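Residue numbers (the working numbering): 17 to 167. For glycine and all other residues, C-beta sits at the position ideal for the given N, C-alpha and C. Note that the structure is a prediction, hence the values are computed from the model and not measured. Data first, discussion second: the structure below is written as structure tokens.
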């Protein structure tokens, strides 16, 4: 195969495109091989022997599909979260949720007469100090210290 690098370079500068976008007609390679001046290359461009290829774009079809799914509420699972867990629920909000649920539970236990008034007060203070991680933790403590009211 003949070397057409200089012709390709000239054509790319005339057409104002990159060398990879210059298409040379395989049937007229001999004509292009003989052309060494800009005028000869311009003549071949006019004759459509040398053509500039269209730009290649990036397809938006996949992006459109994803955008449509997001509009429907998909693709929002735990793998999509960015930022720390504290970005969605602040430390203060997490604390408030925990303390409120613990206080609600101990109030329930007092109302059901499962724990005494003294135990309630003691546990209530412990909740405020951050002694318990969860309701299950508090119940384990009550069981271990044998603070359930005897029937």
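Residue range 21-31 is occupied by the alpha helix (DSSP H) that includes residue 22.
The DSSP-derived three-state label of residue 115 is helix.
The segment 104-114 makes no contact with the segment 128-140, as fewer than three CB pairs between them are under 8 Å. Per DSSP, the beta bridge partners of residue 68 are 38.
In this structure residue 113 is exposed. Its beta-carbon is surrounded by fewer than 16 other beta-carbon atoms within 10 angstroms.
The alpha-carbon separation between residue 66 and residue 80 amounts to approximately 36 Å. Taking a C-beta distance under 8 Å as the contact criterion, residue 26 and residue 44 do not qualify as a contact pair.
When only Cα atoms are considered, residue 60 and residue 75 end up about 33 Å apart. Apart from sequence neighbours up to five positions away, the residues of its chain that approach residue 125 with a beta-carbon distance below 6 Å are 131, ordered along the chain. Taking 8 Å as the cut-off, the Cβ atoms of residue 49 and residue 20 count as close.
Exclusion of the five residues before and after residue 68 leaves 31, 33, 37 and 38 as the residues of its chain whose Cβ lies within less than 7 Å of its Cβ. If the five residues before and after residue 136 are omitted, its C-beta is found closer than 7 Å to the C-beta atoms of 122 and 126, all from its own chain and listed in chain order. Rounded to whole angstroms, residue 91 and residue 82 show a C-alpha spacing of 8 Å. Distance from the CA of residue 146 to the CA of residue 86, rounded to the nearest whole angstrom, comes to 40 Å.
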